[in-house]
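10 is the number of the first residue of the sequence shown in the numbering used here; add one for each residue after it.
To start, the structure itself, in structure tokens.
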Amino acid sequence: MGSTFLHESYDEYPRIEAAFQDALDESLNPRGPELLYELVGELRLPPQANVLDLGCGEGQHSIQLAKRFRFAVRGIDPVQRHIELAHQRLDEAAKDGPEVGKLVRFELGAAESIPMKDASLDLIWCREVLYHIGSLDNAFAECRRVLRTGGYLLIYHNFATDRLEPGEAEWQWATLGVVPANTNPQHVEAAFVGAGFQIDQCIELASEFGEYAEEQTGQVARHLIHTARLLRAPERYIAMFGQTAYNIKLGDCLWHVYRMIGKLSSRVYLLKSP
Ligand SMILES: C[S@@+](CC[C@H](N)C(=O)[O-])C[C@H]1O[C@@H](n2cnc3c(N)ncnc32)[C@H](O)[C@@H]1O
Numbered sequence: 010m011g012s013t014f015l016h017e018s019y020d021e022y023p024r025i026e027a028a029f030q031d032a033l034d035e036s037l038n039p040r041g042p043e044l045l046y047e048l049v050g051e052l053r054l055p056p057q058a059n060v061l062d063l064g065c066g067e068g069q070h071s072i073q074l075a076k077r078f079r080f081a082v083r084g085i086d087p088v089q090r091h092i093e094l095a096h097q098r099l100d101e102a103a104k105d106g107p108e109v110g111k112l113v114r115f116e117l118g119a120a121e122s123i124p125m126k127d128a129s130l131d132l133i134w135c136r137e138v139l140y141h142i143g144s145l146d147n148a149f150a151e152c153r154r155v156l157r158t159g160g161y162l163l164i165y166h167n168f169a170t171d172r173l174e175p176g177e178a179e180w181q182w183a184t185l186g187v188v189p190a191n192t193n194p195q196h197v198e199a200a201f202v203g204a205g206f207q208i209d210q211c212i213e214l215a216s217e218f219g220e221y222a223e224e225q226t227g228q229v230a231r232h233l234i235h236t237a238r239l240l241r242a243p244e245r246y247i248a249m250f251g252q253t254a255y256n257i258k259l260g261d262c263l264w265h266v267y268r269m270i271g272k273l274s275s276r277v278y279l280l281k282s283p
């Protein structure tokens with residue numbers, strides 16, 4: 010047994026190691042976030058189509074959807090500061106293209122009670138929001154209610170995999186306000202199928218967006234070195250920014266690292282309201 014290991018590791022493996030390294034240095038051509046806009050483009054919705062950016066955060070995607078497709082976009086989010094920042098971002102965007110300023114509106118709102126009329130929307134864009142939703146059943150019922158027949162719900166979400174250890178998951182979800190069940194694909198699928206949605210496309214991206222970010226900008230390596238510093242000198246950063254900020258920063262950095270090493274996996278669903 011031992012001698013087999015010695016032979017394989019120190020005799021056979023080194024003979025191919027350099028070639029293996031070269032193979033790994035070649036990109037696997039990961040898809041990047043542009044994919045989400047391509048999927049929207051393929052729907053061939055007309056200008057002025059009514060679109061909801063559900064959990065719009067600071068509004069960058071709402072503005073992009075208006076800029077690229079001339080959709081009439083409403084962005085809603087339950088955090089007041091996000092709505093204020095989204096308005097600032099929209100004011101900036103409107104300086105370059107006044108039409109965008111007229112196409113986009115932001116307001117407070119949440120997935121469980123969407124402030125819109127029945128059957129009034131062509132598309133709901135929901136990017137990295139499901140983590141925080143207490144009742145997916147209510148949220149998807151609301152999405153069904155506000156979408157017209159034949160309307161689409163595009164979801165981009167990260168799920169946990171079997172590689173994520175229970176202790177890692179427990180800390181990560183508690184720190185970042187993630188509803189644990191919502192990281193389970195079966196739970197999420199059961200909720201949207203239960204609400205009556207049909208799965209038009211399901212694209213397993215795994216680490217692709219992370220690889221793309223790393224290859225384009227080195228962003229993930231930056232998260233990795235930040236993780237190392239946070240773990241080695243917690244007291245330094247806690248003294249500067251406090252325990253809560255430290256935990257959130259560590260959770261955020263680990264998130265990117267975990268996705269690269271297969272503990273989290275990204276997926277896109279394009280759902281249709283029949
Ligand atoms: C990770 S951020 C993603 C923001 C944005 N969609 C993006 O992709 O940049 C999650 C967002 O979900 C929002 N959120 C939290 N709970 C929500 C709820 N119940 N309904 C809608 N949005 C919610 C948060 O305020 C936050 O802006």
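Cβ atoms here follow ideal geometry from the backbone N, Cα and C, with glycine treated the same way.
In this model, Asn191 and Glu174 are separated by some 16 Å (Cα to Cα). Between the alpha carbons of Tyr22 and Gly160 lies a gap of roughly 54 Å. Beyond the five residues adjoining it in sequence on each side, Arg172 comes within less than 8 Å, by CB distance, of Ile270, Gly271, Lys272 in the same chain, given in chain order. Counting only runs of 4 or more residues that sit fully inside the region 84 to 137, the alpha helix (DSSP H) segments are 89 to 105, 107 to 112, in chain order. Between Gly64 and Asp86, the gap from beta carbon to beta carbon is short of 9 Å. Per DSSP, Leu63 lies in no alpha helix (DSSP H) segment; the continuous beta strand (DSSP E) that holds it begins and ends at 59 to 63. Taking C-alpha positions only, Phe80 is separated from Gly205 by approximately 25 Å. By the Cβ test, the region 131 to 141 is not in contact with the region 96 to 115, since fewer than three Cβ pairs between them sit closer than 8 Å.
Proximity of the region 176 to 183 to the region 127 to 138 falls short of the contact definition, fewer than three beta-carbon pairs being nearer than 8 Å. Straight-line measurement puts the Cα of Arg90 at about 24 Å from the Cα of His265. In this structure Pro194 touches Phe168 by the C-beta definition: roughly 5 Å separates them, less than 8 Å. Going by DSSP, Ala169 is part of the beta strand (DSSP E) stretching over 156 to 169. For Asp209, there is no enclosing alpha helix (DSSP H); the residue is found in the beta strand (DSSP E) stretching over 207 to 215. At least 9 Å separates the beta-carbon of Phe115 from that of Arg77. The Cβ-Cβ distance between Pro283 and Thr158 falls below 9 Å. Rounded to whole angstroms, the separation of the alpha carbons of Gly41 and Ala102 is 23 Å. With fewer than 16 other Cβ atoms inside 10 Å of its own Cβ, Ile208 counts as exposed.
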